[in-house]
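>
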Amino acid sequence: MVKIDQITLPDFPLLLAPMEDVSDPPFRVVCKANGVDLVYTEFISSEGLIRDAIKCRKKLDIFDEERPTGIQIFGGDEERMAMAAKIVDVTQPELLDINFGCPVKGIVAKGAGSGVLKDVPLMVRLTEACVKSTHLPVTVKTRLGWDDATKNIEEVAERLQDVGVKALTIHGRTRCQMYKGEADWSLIAKVKNNPRIHIPIFGNGDIDSPQKALEYKNRYGVDGIMIGRAAIGYPWIFREIRHFLQTGEELPAPTVAERVDVCRRHLHKSLQWKGPVAGIYAMRRHYLSYLKGLPGIKEFRTRLVTLNEPEEINAVLDEVLRTYEGFEMEKTPIQLIDYHTNCQL
1 MVKIDQITLP DFPLLLAPME DVSDPPFRVV CKANGVDLVY TEFISSEGLI RDAIKCRKKL
61 DIFDEERPTG IQIFGGDEER MAMAAKIVDV TQPELLDINF GCPVKGIVAK GAGSGVLKDV
121 PLMVRLTEAC VKSTHLPVTV KTRLGWDDAT KNIEEVAERL QDVGVKALTI HGRTRCQMYK
181 GEADWSLIAK VKNNPRIHIP IFGNGDIDSP QKALEYKNRY GVDGIMIGRA AIGYPWIFRE
241 IRHFLQTGEE LPAPTVAERV DVCRRHLHKS LQWKGPVAGI YAMRRHYLSY LKGLPGIKEF
301 RTRLVTLNEP EEINAVLDEV LRTYEGFEME KTPIQLIDYH TNCQL
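Number 252 in UniProt numbering belongs to position 252 of the sequence shown; there are no gaps in the numbering.
#1: Start and end of the alpha helix (DSSP H) containing residue 125?
#2: Name the DSSP beta bridge partners of residue 99, please?
#3: Nearest to residue 329 by CA position, among 215, 160, 297 and 11, is which residue?
#4: Could you name the residues of the same chain whose beta carbon sits closer than 6 Å to that of residue 288, not counting the 5 residues immediately before and after it, in chain order?
#5: Under a three-way DSSP split, which group does residue 40 fall into?
#6: Reducing DSSP to helix, strand and coil, say where residue 353 ends up.
#7: With DSSP as the reference, label residue 8 as helix, strand or coil.
#8: What are the start and end residues of the alpha helix (DSSP H) that includes residue 214?
#9: Taking contact to mean 3 or more Cβ pairs, one atom from each stretch, closer than 8 Å, check whether the stretch 81 to 96 and the stretch 126 to 146 are in contact.
#10: Just the Cα atoms here: how many angstroms apart are residue 281 and residue 273?
#11: Which complete alpha helix (DSSP H) runs does the stretch 297 to 345 hold, if anything under 4 residues is left out?
#12: So, helix, strand or coil for residue 161, using DSSP?
#13: Quick check: what's the CA-CA separation for residue 166 versus residue 66?
#14: With H, G and I counted as helix, E and B as strand and the rest as coil, what does DSSP make of residue 171?
#15: Taking the Cβ atom as the reference point for each residue, do residue 208 and residue 336 lie within a distance shorter than 7 Å?
#16: Grab me the residues of residue 86's own chain with a C-beta within less than 8 Å of its C-beta, minus the 5 sequence neighbours each way, in chain order.
#17: Kindly list the residues whose CB is nearer than 7 Å to the CB of residue 199, restricted to its own chain and excluding five residues on each side of it in sequence; keep chain order.
#18: Report the residue from 201, 266, 333 and 238 whose alpha carbon sits nearest the alpha carbon of residue 154.
#19: Starting from residue 202, trace the alpha helix (DSSP H) both ways and give me its first and last residue.
#20: Taking C-alpha atoms, which residue in 327, 305 and 309 lies nearest to residue 369?
#21: Beta carbon of residue 188, beta carbon of residue 203: below 7 Å?
#22: Residue 207 by DSSP, collapsed to three states: which one?
#23: Would you tell me roughly how many angstroms separate the C-alpha atoms of residue 9 and residue 17, rounded to the nearest one?
#24: Please look up how many angstroms separate the CB atoms of residue 241 and residue 213, rounded, as I've assumed it's under 8 Å.
#25: Please report the distance separating the alpha-carbon of residue 333 from that of residue 270.
#26: If we ignore side chains and look at the alpha-carbon of each, how far apart do residue 70 and residue 98 end up?
#27: Might you give, ordered along the chain, the residues of its own chain that have their beta carbon closer than 8 Å to the beta carbon of residue 191, omitting 5 neighbours on each side?
#28: Is residue 69 helix, strand or coil when you go by DSSP?
#29: Output needed for residue 216: all residues of its chain with C-beta closer than 8 Å, excluding positions within five of it in sequence on either side, in chain order.
#30: By alpha-carbon positions, which one of 6, 238 and 126 ends up nearest to residue 13?
#31: Within 10 angstroms of its Cβ, does residue 193 collect 16 or more other Cβ (buried), or is it exposed?
#32: In terms of residues, what are the limits of the alpha helix (DSSP H) holding residue 288?
As C-alpha cells, then:
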C-alpha cells in the first residue's frame, strides 16, 4: 500500500491528472468507475477563490463516488495561497494539491504554475504557507525545472518535503518543453532513490499503454503514476493498466455496450452537476472520443451534438447499440493530444 499522510491507496496507485476543462466531476466519476485510485480537480485560481468567482467556487464540487479527491490550487502570492487553502479546507476533500507545473503562458505570466520554477525560495514559501493554513495533507505537482539548464527537481523535492509536503508528482518535462519531445523519467527516478526522500513520488508524462506503465514502474521505481492525456476519451486506460500489472494480460478493447454505458453515465453526471442546458452542451465534446472506431459513427455523432433533450440523446445511444450489436472493437494505440497546442511560449 501507498500512504499520503493518513490516506491509504493500493500498491502502485493510478492517479488522474488535473486538466483544465477536462477533469470536472462527471469525468472524474467516469474514471473512478474504470479503476483510477485518486483524482484531482481542475486547477483553481487562489485569486478566484478569494474573490468568490463563481467558476472557481464551482470547481470545488466533489461527488461522493469519485473520492478520494484532491483539490488543486495555483497562485504566486503567499497570503492569497494561504487564504485559498483555508477555503479548500472547509470543503473537505481528501487533500490539497499545489500546481507548480502548468506551462500555460497566461498562468506563468502571473508568476504561478510552472513560472514558480524560476524562484525556488518562493515555491517553498508558497508551499509552507499552504501547509500552515490547512489540516489537509498538502501535495505538489511540478516539472523537472524551467528549462534544460535549470533542472532543479532534486533540490525542489527535498525542500518541499522539509516544509511538510506529503507526496510529490513530477512531470518529466521542463516548462519550456510544454508537451513536446519525450518525457524524461530519469530525474524522477533520482528523486525517488534519494535516501533523504521518504514521501511518495509519482511519475507523470507519456504513459499511454499498460505495457509502458509496467515498463516505467520497473525501470524507474516510482510509487505510482499519474495519467492525463491518455485518459481523455479513454477512461478505460486505468482498468487496462491495473489488469496488466496484476496478470500480465492485455484486456480487449471496451465493447460498444461499455462505450455507450460510459456515455450515459457521463451524461447523467453532467446533467446532475451543470444542469439541463450546460450539462447537454458540455457532453458534446465527448461523444466522438467515446465512440471512436465505430464505422459510420459520424452520422450518429452529428445527431448527438445537436439534440437538446436527454431522452432524445438516450434514444440515439439505444440506436447505436442496436446498429453495432455484435461489432468487435479493434485495439488501437492511444493518441496523446498536444493538450496546450494553442499556447505560446
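Using N, Cα and C, we set each Cβ at its ideal position, and we do this for glycine too.
Quantities reported herein were computed from a predicted structural model and do not represent experimental measurements.
Answer, in terms of the structure:
#1: 120 to 131
#2: 141
#3: 297
#4: 301
#5: strand
#6: In this structure the chain extends from 1 to 345, so residue 353 is not present and cannot be described.
#7: strand
#8: 210 to 220
#9: yes
#10: 12 Å
#11: 297 to 304 and 310 to 323
#12: helix
#13: 21 Å
#14: strand
#15: yes
#16: 133 and 134
#17: 161, 165, 166, 167 and 168
#18: 201
#19: Where residue 202 is concerned, there is no enclosing alpha helix (DSSP H), although the beta strand (DSSP E) it sits in stretches over 201 to 204.
#20: Not covered by the structure: residue 369. The range shown for the chain is 1 to 345.
#21: yes
#22: coil
#23: 16 Å
#24: 5 Å
#25: 28 Å
#26: 10 Å
#27: 153, 154, 157, 168, 170, 197 and 201
#28: strand
#29: 185, 203, 207, 222 and 225
#30: 238
#31: exposed
#32: 287 to 290
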